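Visitor: Please find one structure pasted underneath; my questions will follow.
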Amino acid sequence: MDQKKEFVAVFLLILASAVGLGAQEPDKSVRVSPQDRQPLAIGRLAGPVTLDGRSDEEAWAGAALLPVSQLIPAFGLPPSEKTEVLLGYDDAYLYVAARNYDREPGKMLCSSKKRDYMEPNTEWFGILLDTFNDKETGLAFYTTPTGLRFDASVFNDGTPTEPNAMPINLSWNTFWDAAAFKDDRGWFAEMRIPFSSLRFQDRQGRVVMGLIVIRYIARKSEYDCFPSIFPQWGGMTTWKPSQAREIVLDGVQSRKPLYITPYGLAGYGQSNKLNDEETAYVHEDQPVLEGGLDLKYGLSSNLTLDLTLNTDFAQVEADDVQVNLTRFSLFFPEKRLFFQERASIFDFSFGSSTMIFHSRTIGIHEGEAVRIYGGMRLIGRLGEWDLGFLDMQTAAVEGLHSENFGVLRLKKKVLNPFSYMGGILATRLGTDGSYNVVYGLDGSFRLSADDYLLLNWAQSFETGKANNAASLDLSRFRLGWERRTIKGFGASVNAMRRGEDYEPGMGFEILENYGGLKARLTYGWMPGDRSSFQNHYLAGQGHVILRNEDGSLLMSELAPGWGFNARSGAAGEFAFVLSRESLQESFELSDEVEVLPGEYSFFGFRGNYMTAPGRLLYAVFTLEGGKFYDGNRLSLTAAPTWAVAPDISLSGLYQFNRVLFPERGQEYTAHVVRLRLLATLSIKFSAIAFVQYNSADRAAVANIRLRFNPREGNDLYLVINETFNTRLSHGAPRRPAYSDRAVMLKYSYTFSL
Numbered sequence: 007m008d009q010k011k012e013f014v015a016v017f018l019l020i021l022a023s024a025v026g027l028g029a030q031e032p033d034k035s036v037r038v039s040p041q042d043r044q045p046l047a048i049g050r051l052a053g054p055v056t057l058d059g060r061s062d063e064e065a066w067a068g069a070a071l072l073p074v075s076q077l078i079p080a081f082g083l084p085p086s087e088k089t090e091v092l093l094g095y096d097d098a099y100l101y102v103a104a105r106n107y108d109r110e111p112g113k114m115l116c117s118s119k120k121r122d123y124m125e126p127n128t129e130w131f132g133i134l135l136d137t138f139n140d141k142e143t144g145l146a147f148y149t150t151p152t153g154l155r156f157d158a159s160v161f162n163d164g165t166p167t168e169p170n171a172m173p174i175n176l177s178w179n180t181f182w183d184a185a186a187f188k189d190d191r192g193w194f195a196e197m198r199i200p201f202s203s204l205r206f207q208d209r210q211g212r213v214v215m216g217l218i219v220i221r222y223i224a225r226k227s228e229y230d231c232f233p234s235i236f237p238q239w240g241g242m243t244t245w246k247p248s249q250a251r252e253i254v255l256d257g258v259q260s261r262k263p264l265y266i267t268p269y270g271l272a273g274y275g276q277s278n279k280l281n282d283e284e285t286a287y288v289h290e291d292q293p294v295l296e297g298g299l300d301l302k303y304g305l306s307s308n309l310t311l312d313l314t315l316n317t318d319f320a321q322v323e324a325d326d327v328q329v330n331l332t333r334f335s336l337f338f339p340e341k342r343l344f345f346q347e348r349a350s351i352f353d354f355s356f357g358s359s360t361m362i363f364h365s366r367t368i369g370i371h372e373g374e375a376v377r378i379y380g381g382m383r384l385i386g387r388l389g390e391w392d393l394g395f396l397d398m399q400t401a402a403v404e405g406l407h408s409e410n411f412g413v414l415r416l417k418k419k420v421l422n423p424f425s426y427m428g429g430i431l432a433t434r435l436g437t438d439g440s441y442n443v444v445y446g447l448d449g450s451f452r453l454s455a456d457d458y459l460l461l462n463w464a465q466s467f468e469t470g471k472a473n474n475a476a477s478l479d480l481s482r483f484r485l486g487w488e489r490r491t492i493k494g495f496g497a498s499v500n501a502m503r504r505g506e507d508y509e510p511g512m513g514f515e516i517l518e519n520y521g522g523l524k525a526r527l528t529y530g531w532m533p534g535d536r537s538s539f540q541n542h543y544l545a546g547q548g549h550v551i552l553r554n555e556d557g558s559l560l561m562s563e564l565a566p567g568w569g570f571n572a573r574s575g576a577a578g579e580f581a582f583v584l585s586r587e588s589l590q591e592s593f594e595l596s597d598e599v600e601v602l603p604g605e606y607s608f609f610g611f612r613g614n615y616m617t618a619p620g621r622l623l624y625a626v627f628t629l630e631g632g633k634f635y636d637g638n639r640l641s642l643t644a645a646p647t648w649a650v651a652p653d654i655s656l657s658g659l660y661q662f663n664r665v666l667f668p669e670r671g672q673e674y675t676a677h678v679v680r681l682r683l684l685a686t687l688s689i690k691f692s693a694i695a696f697v698q699y700n701s702a703d704r705a706a707v708a709n710i711r712l713r714f715n716p717r718e719g720n721d722l723y724l725v726i727n728e729t730f731n732t733r734l735s736h737g738a739p740r741r742p743a744y745s746d747r748a749v750m751l752k753y754s755y756t757f758s759l
């Protein structure tokens, strides 16, 4: 048997095992479905509440007292520290109060006051709201003993599409308030969330939402929650809207908020760019004076219209620099706020980072910002349909005409509350007559408690192609099965194909013209309170990718391993990796180092480990090495986070990459260094200094951001960016000391009408 057949046979054996194990009846003894309980009616507050964290007003007497129990480390037991959670509402707001008692208040950890700071070395309390009660999406609101606000959105029922691809949008923000204080009894908090900031379905004044409450005690790595949910999904358990307790709010009326946010931007930039002949660097001064406007209008309680004019993202943090040791494009996440609200409605993924719509295709071209003249977005629900519509117009730049970007997304629940079908239409139209149009259908169907069937199909048409709708070359599909659990047998198995001419002009793809199978199979144990492990598991991950044109092997991988989550909060996963690749073309790691065409088989290892995060200092380590094509590779990463003081935190990363091809006398070494300093004088003022260095690019990037945020929607930013060149004498002409620098001052103010 040749190597190709042997590898495919091993992979198919794993899939056969999956079918056998999948036929076993899952353990239902630990299941307590929140949907089996009666919805919990929430009482109205009897009077006004002063938001100070104390929850001592008589109005709280009418609130619901929620029973909280341990999730981790001792499932089902009472919290190790007394915890009381109250929930109530009035005509305009949802109120949450937390009384987080602590017998050792001097040991409580709280390391920042910055908006959206949420590290595992700080205490926190929060809620997850499934506002549409769709069992798939949710909005999270958290606070800490310092009274900071953290909000995020979750999608895909908190199920990662890949081990490191979290289904959480940390960049999502909305209008709400929090207050907290601490004393010798512990710490206490209140949240006030406007109904105008929540999108929901009200039926004659009656609203049903899903609710999960969570308290985290950092030094104990303890999670307490309501409702009681068995932790069979590990760290994602409290991010699963499908497990939320239904709550009922009566007499809540639809609200139609109108927010108008003008901004002003002034600054000065300088750049040094290589001329077309590559003989000299040309200096350019770039004064900046801009203004623009954002408008948000609630057409109903569950439908929101956003308009933007001359959209600007000057305050967005720079992307993390990365080293690419593959022949594929790197994926960078979206950080721009305009694209964040209920961004999950636009999600149409074929697994991993492949998708029909990736908003970073708008306003960015070849790594440079492109002016966005303006646009609109409509998000929410019409009847039983989830709706997302986006339309934006960008300016022309060198090598690219002005373009219009449009996306329409529809989804509807079918069969049961945990399943849906949907469709998408994405268009990219140039003023020169060029076009790219993609449309597709998808579905996720819950077959049993943990089993899901996934279907995706899409087709594209674009300028210069034959555009034959009957041709598979224009199409892409995915058929998948998932068992979503970390206890017992878990699985993610996908069959997929991408046609030669399929091209999502607004999306992200890694490979072209291929078909194959991809799987991750696990079997996990939760050994009980006496073990130092919260859970541990065996994992088998792999793929077989074939070329469409002749069915030959393009690449394959088999990676058996073991992983664990300790009760201390430490976690890790380690695997051996057997790879085969067939290269028809070379690819470069640098100008001097390349991987040559050929047939390669190589063996390696990879692993990651995180120390217990409920400490002032913790770190994440990754290691990958072994054979690499016709050479060897070693990659090592260390990423510590240190809460230096209650108002100062320091995080960093060092990554070392070395690739050797001894027979060809080639060597590639790259160092990446990141250092981020965060200082918070109060919950209103923060400063971040972020410095990155990549030896492969021979450059260092500095980004300093000062933010004054007296209230939500009122922001003053001072942003300083500079890209420094290193090894100035490397090559000709001599490189300048810097390639770009800019100082920007931006102010925005939101008027609520």
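If you use our numbering, the sequence shown corresponds to residues 7 to 759, in order. Glycine residues also receive a C-beta, built at the ideal position from the N, C-alpha and C atoms. Here the structure is a predicted model, which means the values were calculated and not measured.
(1) Going by DSSP, name the residue or residues bridged to Tyr723.
(2) How is Ser558 classed by DSSP in three states: helix, strand or coil?
(3) Pick from Ile378, Ile430, Lys418: whose alpha carbon is nearest that of His407?
(4) How big is the Cα-Cα spacing for Asp157 and Glu372?
(5) Could you tell me whether the segment 146-156 touches the segment 331-347, where touching means 3 or more Cβ pairs closer than 8 Å?
(6) Hey, Lys633 and Gly610: beta-carbon distance below 7 Å or not?
(7) Could you tell me if Gln207 is buried or exposed, where buried requires 16 or more neighbouring beta carbons within 10 angstroms of its beta carbon?
(8) Using the Cβ count rule (16 or more neighbours within 10 Å means buried), how would you classify Gly761?
(9) DSSP beta-bridge partners for Ala186?
(10) Here's the rule: buried if 16 or more other CB atoms are within 10 angstroms of the residue's CB, otherwise exposed. What is Gly297?
(11) Among Ser745, Gly394, Ala497, which one has its Cα closest to the Cα of Thr528?
(12) When you compare only the Cα positions, how much space is there between Pro166 and Gly241?
(13) With distance defined between alpha-carbon atoms, name the residue in Phe424, Thr143, Gly470 nearest to Lys351.
(14) Between Ala705, Arg670, Trp648, which lies nearest to Leu684 when the distance is taken from Cα to Cα?
(15) Taking the Cβ atom as the reference point for each residue, do Ser359 and Phe514 lie within a distance shorter than 7 Å?
(16) Who are the Cβ neighbours of Tyr99 in its own chain at under 8 Å, not counting the five residues just before and after it?
(17) Under 7 Å, do Gln547 and Arg573 count as touching if we go by C-beta distance?
(18) Any chance the segment 650-664 sits against the segment 584-591, with 3 or more Cβ pairs inside 8 Å?
(19) Start and end of the beta strand (DSSP E) containing Arg342?
(20) Within the continuous beta strand (DSSP E) that includes Thr332, where are the two ends?
(21) Is it true that the CB of Pro423 sits closer than 7 Å to the CB of Asp230?
(22) With H, G and I counted as helix, E and B as strand and the rest as coil, what does DSSP make of Asp479?
(23) Which residue wins for smallest C-alpha separation from Glu283, given the options Ala738, Gly389, Phe757, Ser745?
(24) So what's Asp312 in DSSP terms, helix, strand or just coil?
(25) Quick check on the DSSP output: what are the complete alpha helix (DSSP H) runs of length 4 or more inside the segment 193-258, in order along the chain?
(26) So, at 6 Å on beta carbons, what are the nonlocal neighbours of Gly575 in its own chain, with the 5 sequence-adjacent residues on each side left out?
(27) In whole angstroms, what separates the C-alpha of Lys34 from that of Phe236?
(28) Can you tell me the Cα-Cα spacing of Trp193 and Ala186, whole angstroms?
(29) To the nearest angstrom, how far is it from the Cα of Val443 to the Cα of Arg452?
(30) Excluding the 5 residues preceding and the 5 following Phe608 in the sequence, name in chain order all residues of the same chain whose CB lies nearer than 7 Å to its CB.
(31) Looking at C-alpha atoms only, which residue of Pro79, Lys262, Gly257, Phe81 is the closest neighbour of Leu759?
(32) I believe Gly386 touches Arg205 by the beta-carbon criterion, under 8 Å. Please report the beta-carbon distance rounded to the nearest angstrom.
(33) At the level of alpha carbons, what is the spacing between Ile492 and Ala545?
(34) Please tell me whether Pro293 and Tyr265 are closer than 7 Å, where the distance is taken between their beta carbons.
(35) Given that a residue counts as buried once 16 or more other Cβ atoms are within 10 Å of its Cβ, and exposed if not, what is Leu305?
(36) Which whole runs of the beta strand (DSSP E) in the segment 456-514 are 3 residues long or more, in chain order?
Guide: Quick look at the numbers:
(1) In the sequence shown, counting from the first residue as 1, residue 723 sits at position 717. Beta-bridge pairing links Tyr723 to Arg713, Lys752.
(2) To locate residue 558, count along the sequence shown from 1; it is residue 552. Looking at Ser558 - three-state DSSP - the assignment turns out to be coil, as it is neither helix nor strand.
(3) The residue you call residue 407 lines up with position 401 of the sequence shown. Considering only alpha carbons, the answer is Ile378.
(4) Here residue 157 corresponds to residue number 151 of the sequence shown, with the count starting at 1. Here residue 372 corresponds to residue number 366 of the sequence shown, with the count starting at 1. C-alpha separation (whole angstroms): 31 Å.
(5) Taking a contact to require three or more Cβ pairs closer than 8 Å, the segment 146-156 and the segment 331-347 do not qualify as touching.
(6) Translated into the one-based positions of the sequence shown, residue 633 becomes position 627. Translated into the one-based positions of the sequence shown, residue 610 becomes position 604. Pairing Lys633 with Gly610 gives a Cβ-Cβ distance under 7 Å.
(7) Residue mapping note: residue 207 aligns to position 201 of the sequence shown, counting from 1. Counting Cβ neighbours within 10 Å, Gln207 comes out buried, since at least 16 surround it.
(8) The chain is shown from 7 up to 759; residue 761 falls before or after that span and cannot be answered.
(9) For the purposes of this step, residue 186 is taken as residue 180 along the sequence shown, with counting starting at 1. According to DSSP, which records beta bridges pairwise, Ala186 is partnered with Ala195.
(10) Indexing the sequence shown from 1 puts residue 297 at position 291. With fewer than 16 Cβ atoms within 10 Å of its Cβ, Gly297 is classed as exposed.
(11) As a first step, residue 528 must be located in the sequence shown, where it is residue number 522. Among Ser745, Gly394, Ala497, the Cα nearest to that of Thr528 belongs to Ala497.
(12) Within the sequence shown, residue 166 is the residue found at index 160, counting from 1. Within the sequence shown, residue 241 is the residue found at index 235, counting from 1. If you take the alpha carbons of Pro166 and Gly241, they lie about 11 Å apart.
(13) In the sequence shown, the residue the question calls residue 351 occupies position 345. Checking the sequence, you will find Ile at residue 351 rather than Lys. Closest by alpha carbon: Thr143.
(14) Here residue 684 refers to the residue found at position 678 when the sequence shown is read from its first residue. Nearest C-alpha to Leu684: Trp648.
(15) In the sequence shown, counting from the first residue as 1, residue 359 sits at position 353. In the sequence shown, counting from the first residue as 1, residue 514 sits at position 508. It is a contact, given that the beta carbons lie within the stated cut-off.
(16) Locating residue 99 in the sequence shown gives position 93, counting from the first residue. These residues qualify, in order along the chain: Arg198, Ile199, Pro200, Phe201.
(17) Locating residue 547 in the sequence shown gives position 541, counting from the first residue. Locating residue 573 in the sequence shown gives position 567, counting from the first residue. For Gln547 and Arg573, no; Cβs fall outside 7 Å.
(18) Result no; under three Cβ-Cβ pairs closer than 8 Å.
(19) By 1-based counting over the sequence shown, the position of residue 342 is 336. Note, Arg342: premise wrong, no beta strand (DSSP E); not H, not E.
(20) Reading the sequence shown from its first residue, position 326 is the one you call residue 332. Looking at the DSSP string, Thr332 is not in any beta strand (DSSP E), and its letter there is neither H nor E.
(21) Taking the first residue of the sequence shown as 1, we reach residue 230 at position 224. Taking the first residue of the sequence shown as 1, we reach residue 423 at position 417. No, the pair does not count as a contact, with Cβ atoms beyond the cut-off.
(22) Within the sequence shown, numbered from 1, the residue matching residue 479 stands at position 473. If DSSP states are grouped into helix, strand and coil, Asp479 belongs with the helices.
(23) Residue mapping note: residue 283 aligns to position 277 of the sequence shown, counting from 1. Ranking the options by Cα distance to Glu283, first place goes to Ala738.
(24) Indexing the sequence shown from 1 puts residue 312 at position 306. Looking at Asp312 - three-state DSSP - the assignment turns out to be strand.
(25) Runs of the alpha helix (DSSP H) lying entirely within the segment 193-258 and spanning at least 4 residues: none are present.
(26) Stepping through the sequence shown from its first residue, residue 575 is reached at position 569. For Gly575, where only same-chain residues beyond five positions count, the Cβ hits under 6 Å are Ser227, Ala618, Pro619, Gly620.
(27) For this step, residue 34 is matched to residue 28 along the sequence shown. For this step, residue 236 is matched to residue 230 along the sequence shown. At Lys34 the pLDDT is 40, less than 50, meaning the model places this residue with poor confidence; the figure from the coordinates comes in the next sentence. So the two alpha carbons sit approximately 11 Å from each other.
(28) The residue given as residue 193 occupies position 187 in the sequence shown. The residue given as residue 186 occupies position 180 in the sequence shown. Whole-angstrom Cα-Cα distance: 7 Å.
(29) Here residue 443 is taken as the residue at index 437 of the sequence shown, counted from 1. Here residue 452 is taken as the residue at index 446 of the sequence shown, counted from 1. Cα to Cα, the separation comes out at about 30 Å.
(30) As a first step, residue 608 is located in the sequence shown; it is residue number 602 there, counting from the start. Taken in chain order, the residues that qualify are Ser585, Gly632, Lys633, Phe634, Tyr635.
(31) For the purposes of this step, residue 759 is identified with residue 753 of the sequence shown, where counting begins at 1. Nearest option by C-alpha distance: Lys262.
(32) Position 380 of the sequence shown, counting from 1, holds the residue named residue 386. Position 199 of the sequence shown, counting from 1, holds the residue named residue 205. The Cβ separation is near 5 Å, so the contact holds.
(33) Residue 492 sits at position 486 when you count from the first residue of the sequence shown. Residue 545 sits at position 539 when you count from the first residue of the sequence shown. Rounded to the nearest angstrom, the two C-alpha atoms are 11 Å apart.
(34) Taking the first residue of the sequence shown as 1, we reach residue 293 at position 287. Taking the first residue of the sequence shown as 1, we reach residue 265 at position 259. Their beta carbons are not under 7 Å apart, which means Pro293 does not touch Tyr265 by this criterion.
(35) For the purposes of this step, residue 305 is taken as residue 299 along the sequence shown, with counting starting at 1. Its Cβ having fewer than 16 others within 10 Å, Leu305 is exposed.
(36) 457-468, 481-489, 494-504
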